Each structure stands twice: as structure tokens, then as C-alpha cells.
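Residue numbers (mature numbering (1 follows the signal peptide of the UniProt record, and there is no 0)): -25 to -1, 1 to 252.
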């Protein structure tokens, strides 16, 4: 009886070890049916021209094309989109639901402390103030003091405006936080609901095309203080090998003109100029 009991205990422990191994494996990158490593990529799916849904419900965009080309060149990697709302996109990385983020992510010190950024940028677009066509009343950020504008909490722009308000507490910009796509925010300006919106210049072109409207953009002096105008892919700290492999291909694509070609597929202007700075 003692021998049978010991055998039973050993079997139970062995099963426990196997279950534990299985559980740990589930938290790492999985493999597709053809043996390729599946990399889960968190994106909003509503950030044109980077990633958005076409009329058939397929995820398309500049970042999608970049990753498809990276997959093609690496040969043993397949990228799987994980559509995620902005307010939980970094949490998806923390929890392991995603292995990387592709969503026009710019560098901020607090992000660099926690995550890995690709060494190679694939896009550079200055941050601008978007106003209604013909509006001459706003020429700088200071002209927005005392006015109410919309912003997204946790974004580089949102955080900059909060810092701006701390320095101008006597007459701050009134921030109305909301979760929506850029088209909604800019359309609110076009309709006169808000005097302005602040975003990357490249977004404006897409919204004008989408909604059939025209807007004016106001350059922001030292806009790089708001956010590094370059976009990067973002990884967890433990994904160093994945980052290195993708960086190698991104450099090739930058140097051979592929990034420029893919960018111009979605934008009138080549926003890959200056990404090496």
C-alpha cells in the first residue's frame, strides 16, 4: 500500500509539473500550423494611416504593410493583430496578451524605463494644431489658454498639455478627455464644437480625405518637446531577441527605400524623411 501511495504521489507531482510547464508555455509566443513563430501585435485598428479597418473589415495600413514585409523577409515569423483600445494597449503588453505594440508609438522617458523601443524608426511627423479652415484666431499653444479642447488621457500630447497647464496654472487650457478616433476629434473642430485639436500632421491628411473636409494646421514651435515625432515599435523588456531581429529588417527596409515606398502608399508626403536623426 505504501508503494502504491508513493507511486500515486509521484504521478500527481509529475502531472503538476507538466501542467505548470504547459501554463508557462502558453504565456510565450506560440507557433502556427506551418511552424512559424506567432507574434501578437497590439493595435487600435482605428489609427489611419498606420492601422485601420477597410470596408471589408480587414486590418490594413502602413504599419500592417511593414510587418507583413518583415514577416516575408524573416521567413519564420507571423504577426497576429490584437485589436486593443488605447487605454489598455500598454496593459496588453504587460499581461502577455501581446508581444509588441504597433500604433504610432512615440518615445517618452516613462515609457523607455518600462519597455523596449525599436532602434529603427519608420515614421516622422511633426505635432500640429488643427483648426477650422480660415480660423486666424489661433497661432500658437498660448492662444488656446482658457479655451476647451479635447485630448486623450495617457498620450504624449495629453501628458504634455497637463505639464503645460501646471506651468500656466493662472490660465490653463481646459482639457476635455475622451476616447475616440482622430476623425471624430477633428470633425468636432470642423463643426465648431471645439476651437482646435492637437495631433500629428499626418493624421490631418487622412481625416480630410475620409470626411471630405479641409482644415488648417498651425505649426508648433519646438514640437519635439511635445513628443518625439518619430514612431517606433514597442516591446516588453524580455523581448530583446525579437526586437533585434525586427530592427535588422527595418534597417534594410529603410536603406533600400521600402519604408518610403510603403509610406507613400498611404500618405501624400514621405514621412520617412528624417527618421535617421
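All C-beta atoms in this analysis are idealised placements derived from N, C-alpha and C, irrespective of residue type, glycine included.
Everything numeric in this text was worked out from a predicted model, so none of it was measured.
Comparing alpha-carbon positions, which option in the options lies nearest residue i?
{"i": "residue 98", "options": "88, 91, 113 and 79", "result": "79"}
{"i": "residue 213", "options": "108, 139 and 91", "result": "91"}
{"i": "residue 149", "options": "123, 226, 16 and 104", "result": "123"}
{"i": "residue 183", "options": "161, 171 and 168", "result": "161"}
{"i": "residue 47", "options": "239, 146 and 224", "result": "224"}
{"i": "residue 253", "options": "102, 228, 170 and 56", "result": "Summary: the structure shown does not reach residue 253, with the chain confined to residues -25 through 252, and so no result is reported for it."}
{"i": "residue 61", "options": "152, 142, 232 and 39", "result": "152"}
{"i": "residue 208", "options": "39, 139 and 72", "result": "39"}
{"i": "residue 177", "options": "239, 8 and 111", "result": "239"}
{"i": "residue 195", "options": "230, 143, 66 and 113", "result": "113"}
{"i": "residue 210", "options": "241, 174, 93 and 50", "result": "93"}
{"i": "residue 45", "options": "241, 235 and 227", "result": "227"}
{"i": "residue 170", "options": "111, 11 and 85", "result": "111"}
{"i": "residue 29", "options": "199, 9, 133 and 185", "result": "185"}
Strictly by DSSP, which residues pair up with residue i?
{"i": "residue 28", "result": "34"}
{"i": "residue 6", "result": "12"}
{"i": "residue 137", "result": "DSSP, once it has assigned bridges, lists no residue as partnering residue 137."}
{"i": "residue 190", "result": "107"}
{"i": "residue 174", "result": "103"}
{"i": "residue 18", "result": "58"}
{"i": "residue 152", "result": "126"}
{"i": "residue 205", "result": "99"}
{"i": "residue 80", "result": "207"}
{"i": "residue 92", "result": "209"}
{"i": "residue 53", "result": "13"}
{"i": "residue 75", "result": "16 and 210"}
Assuming residue i contacts residue j (C-beta within less than 8 Å), just tell me the rounded distance between them.
{"i": "residue 131", "j": "residue 201", "result": "6 Å"}
{"i": "residue 271", "j": "residue 217", "result": "As displayed, the chain neither begins before -25 nor continues past 252, which places residue 271 out of reach and without an answer."}
{"i": "residue 24", "j": "residue 36", "result": "6 Å"}
{"i": "residue 59", "j": "residue 17", "result": "4 Å"}
{"i": "residue 250", "j": "residue 96", "result": "4 Å"}
{"i": "residue 54", "j": "residue 42", "result": "4 Å"}
{"i": "residue 77", "j": "residue 26", "result": "7 Å"}
{"i": "residue 52", "j": "residue 11", "result": "6 Å"}
Assign residue i to one of two classes, buried (16 or more other C-beta atoms within 10 Å of its C-beta) or exposed (fewer than that).
{"i": "residue 219", "result": "exposed"}
{"i": "residue 205", "result": "buried"}
{"i": "residue 197", "result": "exposed"}
{"i": "residue 6", "result": "exposed"}
{"i": "residue 100", "result": "buried"}
{"i": "residue 102", "result": "buried"}
{"i": "residue 88", "result": "exposed"}
{"i": "residue 2", "result": "With a pLDDT of only 41 at residue 2, under the threshold of 50, the placement of this residue in the model should not be trusted, and no figure is reported."}
{"i": "residue 215", "result": "exposed"}
{"i": "residue 21", "result": "buried"}
{"i": "residue 180", "result": "buried"}
{"i": "residue 203", "result": "buried"}
{"i": "residue 70", "result": "exposed"}
{"i": "residue 126", "result": "buried"}
{"i": "residue 155", "result": "exposed"}
{"i": "residue 165", "result": "buried"}
{"i": "residue 115", "result": "exposed"}
{"i": "residue 144", "result": "exposed"}
{"i": "residue 175", "result": "buried"}
Determine, using beta carbons only, whether residue i comes closer than 8 Å to chain D.
{"i": "residue 141", "result": "Chain labels in this structure do not include chain D; a single protein chain is all it has."}
Is it true that the region 236 to 246 meets the region 103 to 119, where meeting means three or more beta-carbon pairs spaced less than 8 Å apart? Touching, no.
Does the count of Cβ pairs from the region 185 to 196 and the region 101 to 115 closer than 8 Å reach three? They touch, by the three-pair rule.
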